Amino acid sequence: MELVREAKLGASLPSAERAVAPDGERLPPLYGPLRAGTRRLLETLFDLEVPGLERLPADGPYIVAANHHNYLDGIVLCAALPRRISFLVMPRVYHATRLHPLVHRWAGSIPLNLARPDAGAIRHALGTLERGGVVGIFPEGPFSVCGRLERGQPGVALLALRSGAPVVPIGIQGTYQALVGRRLYVPRRHPLRVRIGAPRAFAAARQAGHRATREEVTRRIMADIAALLS
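Printed below as a string of structure tokens:
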């Protein structure tokens, strides 16, 4: 008996349109100009490269699943990808300062409690996908403090199985080296690379709550991320 069934995917982005958001996508005020300016800054100071943009789904919802080193990862992904990403964000990041909650609400972030199953955050993320949006998740959970890929948590599998939205694996390289050992969170100049892998779509399934199914989906997604980092 097949434990996990993968669904067929639609067309990917044509190369000529790989860095353009779909027409009609609603962005918060100043989001577009800030994203473009941040990308130019990262390309100039950190030699940002984003191979694989043509692999992104042409339209509709998808889930971005990436490795996680530090706060730079979210900034780099927002600048590198053409769509607005609603990230699942743990409380100590969402509430890092008094200003952070305002910024995260403006950016569309979804607060996630890692101390217990957070049904509200899952519903919020599923609602974003149902409306055709993009959800970002770091399957490892907290930052990897050693610069290596950690074990994946099952939240990404739960979202993929319940929504049926494709999962786009991404390997981020260079953010760990840019910040490790730095004071005041000011990064050193170091080349950054965001490698985008082929998306997988897992057929929406009633067995999304089964541990074995979630573990297998998580294993496949983490293997995809690991391959992008090798």
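Last residue of the sequence shown: number 221 in this note's numbering, and the count goes up by one each step with no gaps. No residue lacks a Cβ here, since even glycine has one placed at the ideal position from N, Cα and C. Here the structure is a predicted model, which means the values were calculated and not measured.
Taking the continuous alpha helix (DSSP H) assigned at residue i, which residues delimit it?
i, result
"A57", "No alpha helix (DSSP H) holds A57; the beta strand (DSSP E) holding it covers 53 to 57."
"P24", "22 to 37"
"V208", "202 to 220"
"L170", "166 to 170"
Since residue i and residue j should fall inside the 8 Å C-beta cutoff, what is the C-beta to C-beta distance between them, to a whole number of angstroms?
i, j, result
"N58", "G162", "6 Å"
"F78", "L183", "So it is not a contact: roughly 18 Å between Cβ atoms."
"P130", "T209", "7 Å"
"G155", "A(-2)", "7 Å"
"R153", "L117", "6 Å"
"P42", "I187", "7 Å"
"R191", "V158", "5 Å"
Helix or strand or just coil, what does DSSP make of residue i?
i, result
"E16", "coil"
"G65", "helix"
"A71", "helix"
"A151", "helix"
"R174", "coil"
"R191", "strand"
Skipping 5 residues on each side, what residues in its chain have a beta carbon closer than 8 Å to that of residue i?
i, result
"Y167", "H60, N61, S135, G138"
Within the continuous beta strand (DSSP E) that includes residue i, where are the two ends?
i, result
"L79", "76 to 80"
"R(-4)", "From DSSP, R(-4) is part of no beta strand (DSSP E); its letter is neither H nor E."
"V185", "184 to 187"
Apart from the five residues on each side of it in sequence, which residues of its chain come closer than 6 Å, Cβ to Cβ, to residue i?
i, result
"D64", "I163, T166"
"H115", "I101"
"I216", "N58, P160, G162"
"A218", "none"
Mind checking if residue i is an interface residue toward chain B, Cβ cutoff 8 Å exclusive?
i, result
"R191", "No chain B is part of this structure, which consists of one protein chain only."
Tell me which residues share the same chain as residue i and place their Cβ nearer than 7 Å to its Cβ, disregarding the 5 neighbours each side in the sequence.
i, result
"H95", "V80, Y85"
"C69", "R26, I76"
Alpha helix (DSSP H) runs wholly inside the stretch 84 to 147, at least 4 long, in chain order:
The stretch 84 to 147 contains these whole alpha helix (DSSP H) runs: 91 to 98, 110 to 121.
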